[in-house]
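Engineer: I have a structure here, written as C-alpha coordinates, and I will follow up with some questions on it.
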Amino acid sequence: MAGKVAVVLGSDSDLPAMEPCLRALKRFGIPYEARVISAHRTPAQAEAFASAAADNGFGVIIAAAGKAAHLAGVLAAYTTLPVIGVPMKTSMMGGLDSLLSMVQMPSGIPVACVAVDGGGNAAILAAQILALGDPALTEKLREHKADMERAVMEKDKTLQEEQAK
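Mapping of the sequence shown onto the working numbering: residues 3 to 167, in sequence order.
Given below as C-alpha coordinates:
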(Lines of atoms letter the chains of each structure in order from A; the text may use other names.)
(Lines give C-alpha, C1' and ligand atoms only; values in the text may rest on other atoms or scores of the structure.)
Protein backbone atom coordinates (compact mmCIF):
# COMPACT_ATOMS: atom_id res chain seq x y z
CA MET A 3 0.00 0.00 0.00
CA ALA A 4 1.23 3.50 -0.79
CA GLY A 5 2.19 5.48 2.27
CA LYS A 6 1.61 9.05 1.17
CA VAL A 7 -1.49 11.13 1.94
CA ALA A 8 -3.01 13.82 -0.25
CA VAL A 9 -4.58 16.68 1.72
CA VAL A 10 -6.78 18.62 -0.67
CA LEU A 11 -8.31 21.91 0.43
CA GLY A 12 -11.25 23.41 -1.39
CA SER A 13 -9.93 26.85 -0.47
CA ASP A 14 -6.84 28.29 1.17
CA SER A 15 -9.18 29.61 3.87
CA ASP A 16 -9.50 25.98 5.04
CA LEU A 17 -5.81 25.80 5.96
CA PRO A 18 -6.05 27.07 9.58
CA ALA A 19 -8.68 24.44 10.42
CA MET A 20 -6.56 21.76 8.75
CA GLU A 21 -3.33 22.54 10.62
CA PRO A 22 -4.11 19.78 13.20
CA CYS A 23 -4.29 17.33 10.29
CA LEU A 24 -0.92 18.35 8.91
CA ARG A 25 0.68 18.28 12.39
CA ALA A 26 -0.70 14.78 13.03
CA LEU A 27 0.57 13.46 9.71
CA LYS A 28 4.02 14.86 10.56
CA ARG A 29 3.86 13.35 14.06
CA PHE A 30 3.14 9.91 12.58
CA GLY A 31 5.90 10.37 10.00
CA ILE A 32 3.46 10.13 7.10
CA PRO A 33 4.55 11.99 3.98
CA TYR A 34 1.85 14.19 2.54
CA GLU A 35 1.19 16.70 -0.17
CA ALA A 36 -1.23 19.57 0.47
CA ARG A 37 -3.03 21.18 -2.46
CA VAL A 38 -5.78 23.73 -3.08
CA ILE A 39 -8.18 22.34 -5.68
CA SER A 40 -11.80 23.39 -6.03
CA ALA A 41 -14.51 20.96 -7.05
CA HIS A 42 -16.43 23.84 -8.64
CA ARG A 43 -13.79 26.30 -9.82
CA THR A 44 -11.15 23.81 -11.01
CA PRO A 45 -13.08 20.63 -11.79
CA ALA A 46 -10.64 19.47 -14.48
CA GLN A 47 -7.75 19.72 -12.00
CA ALA A 48 -9.79 17.81 -9.39
CA GLU A 49 -10.42 15.04 -11.92
CA ALA A 50 -6.79 14.91 -13.05
CA PHE A 51 -5.45 14.90 -9.49
CA ALA A 52 -7.78 12.14 -8.26
CA SER A 53 -7.38 10.03 -11.40
CA ALA A 54 -3.59 10.02 -11.02
CA ALA A 55 -3.42 9.89 -7.20
CA ALA A 56 -2.76 6.14 -6.87
CA ASP A 57 -0.15 6.21 -9.65
CA ASN A 58 1.48 9.16 -7.86
CA GLY A 59 1.99 7.12 -4.68
CA PHE A 60 -0.94 8.26 -2.59
CA GLY A 61 -2.72 5.74 -0.38
CA VAL A 62 -5.43 7.99 1.06
CA ILE A 63 -6.97 11.32 0.11
CA ILE A 64 -8.22 13.76 2.75
CA ALA A 65 -10.51 16.44 1.32
CA ALA A 66 -11.55 19.54 3.29
CA ALA A 67 -14.34 21.76 2.03
CA GLY A 68 -17.16 23.95 3.26
CA LYS A 69 -20.67 24.98 2.23
CA ALA A 70 -21.58 22.96 -0.89
CA ALA A 71 -18.75 20.63 0.08
CA HIS A 72 -18.56 18.45 -3.01
CA LEU A 73 -14.78 18.15 -3.14
CA ALA A 74 -14.50 14.79 -1.36
CA GLY A 75 -17.24 13.29 -3.52
CA VAL A 76 -15.77 14.60 -6.76
CA LEU A 77 -12.36 13.19 -5.86
CA ALA A 78 -13.93 9.86 -4.82
CA ALA A 79 -15.65 9.64 -8.19
CA TYR A 80 -12.28 9.53 -9.96
CA THR A 81 -10.28 7.17 -7.73
CA THR A 82 -10.48 3.84 -5.96
CA LEU A 83 -8.44 5.21 -3.04
CA PRO A 84 -10.17 5.82 0.30
CA VAL A 85 -11.32 9.43 0.57
CA ILE A 86 -11.86 11.05 3.95
CA GLY A 87 -13.98 14.19 3.97
CA VAL A 88 -13.47 16.98 6.48
CA PRO A 89 -16.46 19.32 6.53
CA MET A 90 -15.47 22.90 7.30
CA LYS A 91 -17.35 25.12 9.71
CA THR A 92 -19.37 27.75 7.86
CA SER A 93 -20.87 31.07 8.89
CA MET A 94 -24.42 30.23 7.81
CA MET A 95 -25.00 26.73 9.18
CA GLY A 96 -21.95 26.09 11.34
CA GLY A 97 -20.75 23.29 9.08
CA LEU A 98 -23.96 21.26 8.97
CA ASP A 99 -24.26 22.14 5.28
CA SER A 100 -20.72 20.87 4.67
CA LEU A 101 -21.31 17.72 6.70
CA LEU A 102 -24.48 16.80 4.85
CA SER A 103 -22.82 17.44 1.48
CA MET A 104 -20.19 14.85 2.38
CA VAL A 105 -22.16 12.12 4.10
CA GLN A 106 -25.06 12.01 1.64
CA MET A 107 -23.07 10.39 -1.15
CA PRO A 108 -24.81 8.28 -3.79
CA SER A 109 -24.51 4.51 -3.73
CA GLY A 110 -21.16 3.28 -5.00
CA ILE A 111 -19.17 6.46 -4.27
CA PRO A 112 -18.40 6.30 -0.53
CA VAL A 113 -16.65 9.05 1.38
CA ALA A 114 -15.59 8.54 4.98
CA CYS A 115 -16.41 11.65 6.97
CA VAL A 116 -15.13 13.04 10.24
CA ALA A 117 -16.54 15.83 12.41
CA VAL A 118 -16.79 19.45 11.33
CA ASP A 119 -13.24 20.87 11.43
CA GLY A 120 -12.05 17.36 12.37
CA GLY A 121 -8.77 17.40 10.46
CA GLY A 122 -6.86 15.78 13.32
CA ASN A 123 -9.16 12.78 13.29
CA ALA A 124 -8.92 12.60 9.50
CA ALA A 125 -5.14 12.23 9.84
CA ILE A 126 -5.54 9.49 12.45
CA LEU A 127 -8.04 7.66 10.25
CA ALA A 128 -5.66 7.95 7.30
CA ALA A 129 -2.86 6.57 9.49
CA GLN A 130 -5.07 3.64 10.52
CA ILE A 131 -5.81 2.86 6.87
CA LEU A 132 -2.15 3.03 5.89
CA ALA A 133 -1.14 1.00 8.96
CA LEU A 134 -2.95 -2.03 7.54
CA GLY A 135 0.20 -2.62 5.50
CA ASP A 136 2.77 -0.93 7.77
CA PRO A 137 3.66 -2.51 11.14
CA ALA A 138 5.83 0.47 12.14
CA LEU A 139 2.90 2.83 11.65
CA THR A 140 0.69 0.44 13.64
CA GLU A 141 3.15 0.77 16.52
CA LYS A 142 3.07 4.58 16.28
CA LEU A 143 -0.73 4.44 16.52
CA ARG A 144 -0.49 2.18 19.59
CA GLU A 145 1.91 4.67 21.18
CA HIS A 146 -0.48 7.52 20.36
CA LYS A 147 -3.35 5.73 22.12
CA ALA A 148 -1.12 4.94 25.10
CA ASP A 149 -0.11 8.62 25.30
CA MET A 150 -3.77 9.65 25.32
CA GLU A 151 -4.50 7.10 28.06
CA ARG A 152 -1.61 8.38 30.20
CA ALA A 153 -2.77 11.97 29.77
CA VAL A 154 -6.31 11.15 30.92
CA MET A 155 -5.05 9.08 33.84
CA GLU A 156 -2.80 11.98 34.93
CA LYS A 157 -5.75 14.38 34.77
CA ASP A 158 -7.82 11.96 36.84
CA LYS A 159 -5.02 11.64 39.40
CA THR A 160 -4.79 15.43 39.67
CA LEU A 161 -8.55 15.72 40.14
CA GLN A 162 -8.57 13.00 42.81
CA GLU A 163 -5.72 14.73 44.67
CA GLU A 164 -7.52 18.08 44.58
CA GLN A 165 -10.74 16.52 45.86
CA ALA A 166 -8.89 14.85 48.74
CA LYS A 167 -7.74 18.23 50.09
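Ideal Cβ positions, reconstructed from N, Cα and C, are used throughout, including at glycine.
Thinking Ser184 and Lys69 are a contact (beta carbons under 8 Å), I'd like their distance in whole angstroms, please.
Structural biologist: What is shown of the chain runs 3 to 167, which leaves residue 184 out entirely.
Engineer: Who are the Cβ neighbours of Pro22 in its own chain at under 6 Å, not counting the five residues just before and after it?
Structural biologist: For Pro22, where only same-chain residues beyond five positions count, the Cβ hits under 6 Å are Gly121, Gly122.
Engineer: Start and end of the alpha helix (DSSP H) containing Val154?
Structural biologist: It spans 137-165 - the alpha helix (DSSP H) in which Val154 sits, taken as one unbroken run.
Engineer: Using a C-beta cutoff of 8 Å, does Leu27 count as contacting chain D?
Structural biologist: Here chain D cannot be found, since the structure has a single protein chain.
Engineer: Quick one: residues in its chain with C-beta nearer than 7 Å to the C-beta of Leu139, no 5 flanking neighbours on either side, listed in chain order?
Structural biologist: Excluding positions up to five away in sequence, the list reads Phe30, Ala129, Leu132, Ala133.
Engineer: In whole angstroms, what is the alpha-carbon distance linking Ala166 and Thr160?
Structural biologist: Their backbone Cα atoms lie some 10 Å apart in a straight line.
Engineer: For Pro89, list the residues DSSP reports as bridge partners.
Structural biologist: DSSP output for Pro89 lists Ala67 as bridge partner(s).
Engineer: Please state the DSSP three-state secondary structure of Val105.
Structural biologist: In this structure, Val105 counts as helix in the three-state DSSP scheme.
Engineer: Can you tell me where the beta strand (DSSP E) with Val10 in it begins and where it stops?
Structural biologist: Start and end: 6-11.
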